[in-house]
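Undergrad: Protein sequences, first through last, are from chains A and P.
Under the working numbering, read the first sequence as residues 23 to 342, first letter to last.
Under the working numbering, read the second sequence as residues 23 to 342, first letter to last.
Quick reminder that beta carbons are idealized off the backbone N, C-alpha and C, glycines included.
This one's a predicted model, so the numbers in the text were calculated from it and none came from an experiment.
Number of protein chains: 2
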Amino acid sequence: MKEVAIGIDIGGTNTAIGIVDREGHCLFETSIPTDTHEQVTEYVADVSTKIKAITAANQGAFDIKGIGIGAPNANYHKGTIENAPNLRWKGIITFSELFKSHFPGIPVALTNDANAAAMGEMMYGGAKGMNDFIIITLGTGLGSGIVSNGELVYGHDGFAGEIGHTIAVKGGRLCGCGRRGCLETYASATGVKRSIFQIFCDSNKPSALRDIPFSNMTSSDVYKAAIAGDELALECFDYTGKILGEKLADSVAHTSPEAIFLFGGMAKSGDLIIKPTKKYMEESLLPIFKNKVKILPSALGDVNAAILGASALVWSELAK
Amino acid sequence: MKEVAIGIDIGGTNTAIGIVDREGHCLFETSIPTDTHEQVTEYVADVSTKIKAITAANQGAFDIKGIGIGAPNANYHKGTIENAPNLRWKGIITFSELFKSHFPGIPVALTNDANAAAMGEMMYGGAKGMNDFIIITLGTGLGSGIVSNGELVYGHDGFAGEIGHTIAVKGGRLCGCGRRGCLETYASATGVKRSIFQIFCDSNKPSALRDIPFSNMTSSDVYKAAIAGDELALECFDYTGKILGEKLADSVAHTSPEAIFLFGGMAKSGDLIIKPTKKYMEESLLPIFKNKVKILPSALGDVNAAILGASALVWSELAK
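1. Taking just the CA atoms, how far does Gly88 of chain A sit from His178 of chain P?
2. Check each residue of the region 284 to 297 of chain A: if its Cβ is closer than 9 Å to any Cβ of chain P, include it; give the result in chain order.
3. Less than 6 Å between C-beta atoms, sequence neighbours within five positions excluded: which residues of the same chain meet that for Ile103 of chain A?
4. Answer yes if the region 325 to 335 of chain P comes into contact with the region 37 to 57 of chain P, meaning at least three C-beta pairs across the two stretches below 8 Å, and no otherwise.
5. Which ranges does the beta strand (DSSP E) cover as unbroken runs of at least 3 residues, wholly within the region 49 to 93 of chain A, from first to last along the chain?
6. Alpha carbon to alpha carbon, how far is Asp293 of chain A from Thr58 of chain A?
7. Would you check if there are 3 or more beta carbon pairs closer than 8 Å linking the region 122 to 136 of chain A to the region 311 to 327 of chain A?
8. Measure the C-alpha to C-alpha separation of Gly323 of chain A and Thr133 of chain A and round it to an integer number of angstroms.
9. Please tell me whether Gly194 of chain P and Thr212 of chain P are closer than 9 Å, where the distance is taken between their beta carbons.
10. Contact defined as beta carbons within less than 8 Å: I believe Leu284 of chain P pairs with Pro319 of chain P. What is the distance between those atoms, to the nearest angstrom?
11. Go through the region 121 to 166 of chain A residue by residue and report every complete run of the beta strand (DSSP E) that reaches 3 residues or more, in order.
12. Among P:Gly167, P:Gly163 and P:Lys290, whose alpha-carbon lies nearest the alpha-carbon of Glu143 of chain P?
13. Report buried or exposed for Phe236 of chain A, applying the criterion of at least 16 other Cβ atoms within 10 angstroms of its Cβ.
14. List the endpoints of the continuous alpha helix (DSSP H) containing Glu304 of chain P.
15. Just to make sure I have the definition right: I need the residues of chain P whose C-beta is within less than 9 Å of the C-beta of Ile157 of chain A. Which are they?
16. Could you spell out where the beta strand (DSSP E) holding Thr277 of chain P opens and where it closes?
17. First and last residue of the alpha helix (DSSP H) that includes Phe222 of chain A?
18. Leaving out five residues on either side along the sequence, give the residues of the same chain with a beta carbon under 6 Å from the beta carbon of Gly29 of chain A.
19. Give a yes or no on whether the C-beta atoms belonging to Trp337 of chain P and Ala27 of chain P are separated by under 9 Å.
20. Between which residues of its own chain and Ala131 of chain A is the CB-CB distance below 6 Å, once the five residues before and five after are set aside?
21. Apart from the five residues just before and just after Thr52 of chain P, which ones in its own chain have a Cβ nearer than 6 Å to its Cβ?
22. Would you report the Cα separation of Glu25 of chain P and Gly172 of chain P, rounded to the nearest angstrom?
23. How long is the line joining the alpha carbons of Asp260 of chain A and Asp272 of chain A, rounded to whole angstroms?
24. By DSSP, does Asp179 of chain A sit in helix, in strand, or in coil?
25. Using 8 Å as the Cβ pair cut-off and three pairs as the minimum, do the region 297 to 315 of chain A and the region 218 to 228 of chain P touch?
26. Is the CB-CB distance between Gly34 of chain P and Leu160 of chain P below 9 Å?
27. If we ignore side chains and look at the alpha-carbon of each, how far apart do Ala250 of chain P and Ser242 of chain P end up?
28. Check whether the Cβ of Glu253 of chain P lies closer than 9 Å to any Cβ atom in chain A.
29. Within 10 angstroms of its Cβ, does Asn226 of chain A collect 16 or more other Cβ (buried), or is it exposed?
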């Protein structure tokens, strides 16, 4: 029997489920939609059925050591998901308990998706051997996981690591959280979309992107245009990196990480986002921190990264 | 024989030296000037002589378990003081080694003054039993110590906790570090002094403080005027608390502390600084953090606080 962890990554639209060994090999992977279940109990039952189907088909092959879950607005201390704007189940959901009822005797750990990514990066990715680093997940929003002294920073209430909701521009763009100027309204897929239209307004230069209506524009369109040499799209990435880099200088002043990893869809833009982020961060750093902090792309594979992160939580809990 | 720690707090002008027991009682205290020794070796020799004089006078009474030092720009990992703007000895000074040569066999630990304050607060002050908190030292500048998961956040290079050098106002006041808009150019004794003159320029209201030249003004003058009801002095504390509170909301988003302690000279202004800081921080917090984070004055006694902090480092090291 092989010791394995179940890794579950709960996204707004899709839930990825995997069976992962200690070395970070994803042995099985499946998924279900997240947004089709009106009741969270039905959703958890369906996820559990999927897992049990795989283990039944490989009878006796797996010794499940635990279930690790990464989810938006997840609270590690309480095992809950609390008022997640991108999930249909509102209020405070006792997620860990719900899963435990389907898997008696198996430990369940829950953390937010960015913390799970940090855990995966530390166990299987570029942060192996690092005690102090930050991971920034660039998706629809901006999530972050902070590792200090080799441990995830959860904070008093379990909700630490909300760098996406530090203020980048006072009185700036309206954020989903109700405040203005949060970093994630600039440095995220939706931030890039907002920025390209701001650049259209400021500039007179032509761009093929000007033909795309606001409703249809995606950060991927901006990325493709930038790769093709579109000046405004390139300016948009530079601007995004500027805002992100300047704020990361503040984060460095807090926890002085060895590296900052960029993770998630937008991080795949590679140098287009990494170069300006690094440049503006360096310009903004307190002298004592200059030329010390690496900006790196996540070293986790594309497809299973979020599952790996969630599963890493299991081994980390067992090691405590 | 009583087990004791030597606590040394190195300030720009004065060095406080104390002998402290495990319970945080300062049994002996003395001091020497910091800025009169051209050579750092002479300075360390004089501090060592002072300590040996006390222990000799109490022959056999003390079992010195270690020496803890709090100093500006101190690096915990390396035991060095590096390019401290407020000390006359430049470059990288191997401070721990210098002390060890005078006290063979006795462990020496060095950390920056704000981290020492955090250690003291955790061991003897208001942060007893807290695993996640931040201490802000408001003196000539703004220092900070961050505790997460019950441990000081030193960061990769030992220089973490520079909240005073996060950017409060883009393109704002010139800072000693060479950049513009750092929090400490607003929230510190010198920040208060700069702010009161900014307020003189903006306002037409009378104030007794208008008779004091820039060179002579101190934050203590502003404090006394505020206590006496001077409108502009009161506005100055409100403004200082606004800038500080808004930036602390960013810090909360990083490490989600249970409490933020204000420490040092300016923190003695009490509600004058605590009330606006709390008010503006609450207004600026991400909803999930609202009404959770206490802003508290340091619970360490006035006189020995810095010595206590430095000595606490010794017990903390021994416990490792």
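TA: The relevant details are as follows:
1. Cα to Cα, the separation comes out at about 31 Å.
2. Listed by position along the chain: nothing, the set is empty.
3. Correct list, in chain order: Ala93, Asn95, Ala96, Ile115 and Phe117.
4. They touch, by the three-pair rule.
5. Runs of the beta strand (DSSP E) lying entirely within the region 49 to 93 of chain A and spanning at least 3 residues, in chain order: 84 to 93.
6. Approximately 37 Å between the Cα atoms of the pair.
7. No contact exists between the region 122 to 136 of chain A and the region 311 to 327 of chain A.
8. Gly323 of chain A and Thr133 of chain A have their C-alpha atoms some 20 Å from each other.
9. For the pair Gly194 of chain P and Thr212 of chain P, the CB atoms are not nearer than the 9 Å cut-off.
10. Contact between Leu284 of chain P and Pro319 of chain P holds: their C-beta atoms lie close to 6 Å from each other, under 8 Å.
11. Counting only runs of 3 or more, we get 130 to 134 and 155 to 160.
12. Checked all of P:Gly167, P:Gly163 and P:Lys290; the closest Cα to Glu143 of chain P is P:Gly167.
13. With fewer than 16 other Cβ atoms within 10 Å, it is exposed.
14. Note, Glu304 of chain P: alpha helix (DSSP H), Asp293 to Ser306.
15. Going along chain P, no residue has its Cβ under 9 Å from Ile157 of chain A, so there is no contact; the nearest lies around 13 Å.
16. For Thr277 of chain P, there is no enclosing beta strand (DSSP E); the residue is part of the alpha helix (DSSP H) that begins and ends at Glu253 to Thr277.
17. Start and end: Ala211 to Asp224.
18. For Gly29 of chain A, where only same-chain residues beyond five positions count, the Cβ hits under 6 Å are Gly40, Val42, Gly90, Ile329, Ala332 and Ser333.
19. Contact flag set, yes.
20. Excluding residues within five positions, the ones whose Cβ falls inside 6 Å are Gly90, Leu335 and Glu339.
21. Cβ-Cβ distances below 6 Å link Thr52 of chain P to Ile39 and Lys72 in the same chain, with the five nearest sequence neighbours on each side left out; the list follows chain order.
22. The alpha-carbon atoms of Glu25 of chain P and Gly172 of chain P are separated by roughly 24 Å.
23. So the alpha carbons of these two residues sit roughly 19 Å apart.
24. Coil, per DSSP.
25. As far as the Cβ criterion goes, the region 297 to 315 of chain A does not touch the region 218 to 228 of chain P, which means the pair count is below three.
26. Going by C-beta atoms, Gly34 of chain P is not nearer than 9 Å to Leu160 of chain P.
27. One C-alpha to the other measures close to 12 Å.
28. Glu253 of chain P is outside the set of residues whose beta carbon lies under 9 Å from a beta carbon in chain A.
29. With fewer than 16 other Cβ atoms within 10 Å, it is exposed.
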